[in-house]
Ligand code: C2E
Ligand code: MG
Ligand code: MG
Ligand code: MG
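Residue numbers (full-length UniProt numbering): 334 to 617.
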């Protein structure tokens, strides 16, 4: 009896597992078809200079406009795409679209200093083709390399030699490299010195914190980053008090719902200062 009960549980487990595999397989083929059918869309969220409030650039954030499902968030399909090289197809599409969009905005008169940031999966960065993919997007759009920033999550940067080498090769193209979600991994100060990166993006979990220890830590990160000539962006800023703290700690740029949510290109504010720097309605 005990044995058959055990087997029963194993069968239930097997069924749940195979259902999940089937589900994942379906999602993957739907995504593959969706990319081909032009169902991916980008939303853009401004990154602001902490001192002036001027927009310094925009982070491109992918969504999947899946028929019958509405806008699917990246958390709900990127992990599935990362199970295969499908995530490289997503990456190539995002690179092409985001660089082309910044060129369109520039043609419409937005500042030439503006940058666009693209998130690349660690899996994509570890592929030998990643440098060609980025170079192709720059060539096709005509965007100057220094106006493109590639964001790579901290957790994949550390201890992966292929990625360290790829970052160096990408940086040789002239693009900027940002370590995303900084503070969620275990990069040491020593590694910061060796990584070919330009920017640290401090994760929202650190931006939210109010305990003296964590605040001191954020201050140390900013100081170490500046000592290595890196700039620091704080992400997920939602409260005016967070902005004040980050300003006091010397953070260069800020990004978050306090200033603007990610929006489709047509709805993204131009490159002037945003609230709370500008509280009066702007004219012209
Ligand atoms: P991320 O790169 O760290 O992006 C920041 C996420 O925080 C975005 O979520 C953004 O909408 C959200 N966010 C921004 N400001 C605030 C705020 O003030 N409060 C809160 N609560 N959230 C804020 P989103 O767009 O859902 O993206 C989630 C993650 O998915 C991204 O995290 C990134 O890791 C990944 N992702 C997004 N687009 C792409 C892409 O094109 N390719 C790849 N490989 N990954 C992507
Ligand atoms: Mg990012
Ligand atoms: Mg981030
Ligand atoms: Mg984050």
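Backbone N, C-alpha and C define an ideal beta-carbon position, used for all residues, glycine too.
- Contact between residue 374 and residue 357 fails: their C-beta atoms lie close to 23 Å from each other, not under 8 Å.
- A contact is defined here as three or more CB-CB pairs under 8 Å, and the region 339-355 fails this definition with respect to the region 554-562.
- Relative to the non-hydrogen atoms of ligand 2, the Cβ of residue 487 never comes closer than 8 Å to any of them.
- Under the three-state reduction of DSSP output, residue 530 falls in the coil class, being neither helix nor strand.
- DSSP places residue 588 in no beta strand (DSSP E); its state is neither H nor E.
- Residue 427 is positioned such that its CB atom lies no closer than 9 Å to that of residue 419.
- Within the same chain, 507 come within 6 Å of residue 479 by CB-CB distance, once the 5 residues on both sides are set aside.
- For residue 510 and residue 573, the gap between their C-alpha atoms comes out near 28 Å.
- In terms of Cβ geometry, residue 598 and residue 438 form a close pair [threshold 9 Å].
- Counting only heavy atoms of ligand 3, the residues whose C-beta sits closer than 6 Å to one of them are, along the chain, 513, 514, 534 and 568.
- Apart from the 5 residues on each side of it in sequence, residue 467 sits with its Cβ closer than 8 Å to the Cβ of 428, 481, 483, 503, 506 and 508 in its chain, given in chain order.
- Runs of the beta strand (DSSP E) spanning 3 or more residues and lying entirely within the region 380-463 occur at 388-399, 403-405 and 448-452, in chain order.
- Excluding the 5 residues flanking it on each side, residue 495 has same chain C-beta neighbours closer than 7 Å at 459, in chain order.
- In the DSSP annotation of this structure, residue 480 is not part of any beta strand (DSSP E), being labelled neither H nor E.
- Each residue's CA atom was taken as its position, placing residue 364 and residue 410 some 8 Å apart.
- When C-alpha distances from residue 584 are compared across 382, 345 and 361, the shortest belongs to 382.
- In this structure residue 345 is exposed. Its beta-carbon is surrounded by fewer than 16 other beta-carbon atoms within 10 angstroms.
- Residue 596 sits in a strand when the DSSP states are folded into three classes.
- The residue from 488, 451, 385 and 461 with its alpha-carbon nearest to that of residue 471 is 451.
- Taking C-beta separations shorter than 6 Å and ignoring five residues to either side along the sequence, the partners of residue 568 in its chain run 534, 537 and 588, following chain order.
- Fewer than three Cβ pairs drawn from the region 518-525 and the region 539-549 lie within less than 8 Å of each other, which leaves the two stretches out of contact.
- The three-state reading of DSSP puts residue 484 in strand, counting E and B together.
- In the three-state scheme derived from DSSP, where H, G and I count as helix and E and B as strand, residue 370 is classed as coil.
- Closest in alpha carbon position to residue 532, among 371, 455, 366 and 448, is 448.
- Residue range 494-505 is occupied by the alpha helix (DSSP H) that includes residue 505.
- A distance below 9 Å separates the beta carbons of residue 608 and residue 592.
- In this model, residue 601 and residue 433 are separated by some 15 Å (Cα to Cα).
- Secondary structure of residue 567 (DSSP, three-state): strand.
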